[in-house]
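Reviewing the structure listed below.
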Amino acid sequence: MSLSAASPQTIVPSVGQRSGIVEAISDLFFARPKFLTLVLLLPPLLWIGIVYVGSLFALLLQSFYSLDDFSGVIIHEVTLSTYAQLLEDANIQIIVRTVLMSAVVTVACAIIAFPIAYYAARYARGWTKALFYLAVMMPLWSSYLVKVYAWKLILAKEGIVTWLAAKLHVSWVIDGLLAVPIIGGPSLSFSYIGTFLVFVYIWIPYMILPIQAALERVPTNYIEASADLGASSRQTFWTVIFPLALPGIIAGSIFTFSLTLGDYIIPQIVGNSRLFIGQAVYTLQGTAGNIPLAAAFTVVPMAIMGVYLWMAKRMGAFDVL
Amino acid sequence: MSPAVRFTNVSRRFGAVRAVDGVSLDIAPGEFFAMLGPSGSGKTTCLRLIAGFEQPDDGHIDIFGETVDGVPPYKRNVNTVFQDYALFPHLTVGENVAYGLMIKGVDRSEREKQAKDALAMVKLAGYEQRRTAQLSGGQRQRVALARALVNGPKVLLLDEPLGALDLKLREQMQDELKTLQRDLGITFVFVTHDQGEALSMADRVAIFNDGKIVQIGSPSDVYERPTSRFVADFVGSSNVLPPQFATSHGGAHWWTSLRPEKISVAGPATLVPAVHAHADGEIKSVSYKGSVTRLTVATDELRLIAESPIGAAKFKQGDRVRLIWPKSAMIAMEGDA
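Residue numbers (the numbering used here), protein chains in the order written: chain U, 1 to 321; chain H, 1001 to 1337.
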């Protein structure tokens, strides 16, 4: 056999000539990239499908069952009576209270977070940027419970806030706030004001980071272009920077809004002991053993978030993404 | 009439770097003016100084006779076409073009009409409702142009306007920009590192190096009569002859520029006509460029590059040849002698 005749086969071996199971598998993956994608996606798909969506579905199903008031036994028949129960006055109050608190907390977080995020994205460089990340992230590294209890002490009648207000002769501000009906109370830590303050403190990093990320993506030359076309700094802010930061604000508000909707620890520790949705669910599935109503309560935040996202989409908040 | 743009001894420093170093310059109204130079030569900083994105550390800038010292960009009657266009992604094409009018408070129907006209002028009629992400590079460039021109600027600044386009489109846009400028009569100032672009479009070219203007003049001026080795080398390619070589071949005792296309290539013993100079050498490389053939020839003293439209094809690497050029083609350059 001449060399020239043999060379094509020795230089370019066909697939069939390769040996070993590993090579065979890698050849198969190369030939069928979709199969490779499927293999790689299977574990996360199973996780999301069974553990996540599956349990959610089970929860949804529970909300269509009902509790027999006399025996305390769950009747496994599809009915809307649990939802009818959800719409009773006392439960509606819980829902309205929670949604209002979530909305106010979200707006406050956005207002406080925006300047911080703006500074970090546009001005902080080098070590000031590192300091910013540290300041925003560090509270997340310590225990949530510790922070909430710390706030209970800070806001207590004998706490540092009351003490400081007395020293500065501004106790009347706090007294005035606490005298306001509904949001007031015997002390900051036993009022909606206290609950609100702690919520804002705990969730604000989840608002700052997405806004900062959105602002980082606004190139300097958009701002220059806007100035070039005659816009003052204020006009540039409202017509260019703010619209481009909006997806970040929406993303942050999804975090703060849904986290407040579902939280049951903060209102239990700091506040006036009126129930929020999370506490209602906790009580219903625990001591009351009313799983169907607890499940129906859980559907409320999901429905609210669904409507919220749909509205944000309609307003074009995600167009730039 | 006062010049459209006047730089008086303008400097701009970034830390220790003098980005613009004592530049004085007059740009006439209605002129198509090019700032040409390698990257980091200060040309873009000059443009940003006119736009107002930078303020001079020293010197003064006037636009149509009025000082713009300390005047912010949004109060200047100049508009910029940015290098990467900087179109707003959250606005439609129409809204982008109407942006400047919206800021000025022009009412909606009027600004929509003007935006429509501006888009028609750049041949994008009917694109008002598109998103900018759906446009090609050439279309974005046109939108950026319309967005700037709709404001009726006294001076239009263009920062590497054709840099991101492919060759065919670039040539087409060169013609269109030139026509547009002539029709509108607006002063255009554009920055480029592409000497071909500067020569073919501009009425006048300023060549920048190290933050200074090294030569300023019409395209044929700077090409035919470079005054420094830098310009001879940067604008087109040139043979830069040292003073001794120039003298021994009938030139002056200066550093001298000799354009490759002025040199004709002939057989070794060809007679040299009167008022011509010659040098003998060996062809080191032949590179075919389509319309011309470029030969690198090693003479006893130095290597010369010759470009020949026809005939050169018959020579090949290693051939002995005689290079012949008119003595008048040797341009003595001042400054570097």
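Cβ atoms here follow ideal geometry from the backbone N, Cα and C, with glycine treated the same way.
Using a Cβ distance threshold of 7 angstroms, I183 (chain U) and A113 (chain U) do not count as a contacting pair. Against chain U, the beta carbon of A1232 (chain H) has no neighbour under 7 angstroms; the closest one sits roughly 35 angstroms away. The C-beta distance from K152 (chain U) to S189 (chain U) rounds to 5 angstroms, short enough to fall under 8 angstroms. Shown here for Q1083 (chain H): same chain residues with a beta carbon closer than 7 angstroms to its own, the five before and five after excluded, namely D1159, E1160, G1163 in chain order. By the Cβ rule, the region 95-112 of chain U counts as touching the region 250-269 of chain U, because three or more pairs are nearer than 8 angstroms. Shown here, I1263 (chain H) sits in coil according to DSSP, grouped into three states, outside any helix or strand. By the 16-neighbour rule on beta-carbons within 10 angstroms, A303 (chain U) is exposed.
By DSSP's assignment, I1216 (chain H) forms a beta bridge with H:A1206. Out of H:I1063, H:L1047, H:S1328, the CA that lies nearest to the CA of G1037 (chain H) is found in H:L1047.
Cβ-Cβ separation between F1245 (chain H) and I1283 (chain H): approximately 19 angstroms, too far for a contact (criterion under 8 angstroms). Per DSSP, reduced to three states, the secondary structure at E1307 (chain H) is strand. In this structure, A1118 (chain H) sits near L1149 (chain H), with a CB-CB distance shorter than 7 angstroms. Only exposed fits A58 (chain U), as fewer than 16 other CB atoms lie within 10 angstroms of its CB.
Taking Q1317 (chain H) as the centre and dropping the five residues before and after it, the same chain places the C-beta of I1283, K1284, S1285, V1286 closer than 8 angstroms to its C-beta, in chain order. Among the residues facing chain H, N221 (chain U) is included, as its CB has a counterpart in that chain under 7 angstroms away. Residues of chain H whose Cβ lies closer than 7 angstroms to the Cβ of G248 (chain U) do not exist; the shortest such Cβ separation is about 13 angstroms.
Closest option to D1194 (chain H), judged by alpha-carbon separation, among H:P1089, H:M1330, H:A1206: H:A1206. The three-state secondary structure of S1109 (chain H), taken from DSSP, is helix. About 6 angstroms separates the beta carbon of I1050 (chain H) from that of V1078 (chain H), a gap short enough to meet the 8 angstroms contact definition. In the structure shown, F199 (chain U) falls within a helical segment according to DSSP collapsed to helix, strand and coil. Among the residues of chain U, those whose CB is under 8 angstroms from the CB of N1079 (chain H) are D228, L229, following chain order. In the DSSP assignment, N1079 (chain H) forms a beta bridge with H:L1156.
If you draw a 10 Å sphere on the C-beta of L1258 (chain H), you find 16 or more other C-beta atoms in it, and that means buried. Contacts between E224 (chain U) and chain H, judged by CB atoms closer than 9 angstroms, involve R1048, A1051, F1053, P1073, T1080, F1082, A1086 in chain order. Put simply, the CB of K1104 (chain H) is near chain U, with a gap under 7 angstroms to one of its CB atoms. Excluding five sequence positions before and after A1146 (chain H), the CB atoms of its chain that fall closer than 6 angstroms to its own CB belong to V1097, A1118, L1119, V1122, given in chain order. When beta bridges are read from the DSSP output, M1333 (chain H) appears opposite H:W1255. If you draw a straight line from the Cα of L42 (chain U) to the Cα of F242 (chain U), it comes to about 40 angstroms. With a contact defined as Cβ atoms closer than 8 angstroms, S1011 (chain H) and D1021 (chain H) qualify at about 6 angstroms. Exclusion of the five residues before and after V1081 (chain H) leaves A1144, L1145, A1148, L1158, P1161 as the residues of its chain whose Cβ lies within less than 6 angstroms of its Cβ. Secondary structure in the region 1269-1299 of chain H: no alpha helix (DSSP H) run of 4 residues or longer lies completely within the stretch. The contact set of L244 (chain U) on chain H, defined by CB atoms closer than 9 angstroms, consists of F1088, P1089, H1090 in chain order. For the set H:R1225, H:Q1139, H:L1184, the Cα lying nearest the Cα of G1217 (chain H) is the one of H:R1225. Secondary structure note for N1009 (chain H): its beta strand (DSSP E) is the uninterrupted segment 1005-1014. Between K1289 (chain H) and the set H:A1306, H:K1116, H:S1039, H:L1165, the nearest pair of CA atoms involves H:A1306.
DSSP places P1243 (chain H) within a helical segment (H, G or I) once states are collapsed to three.
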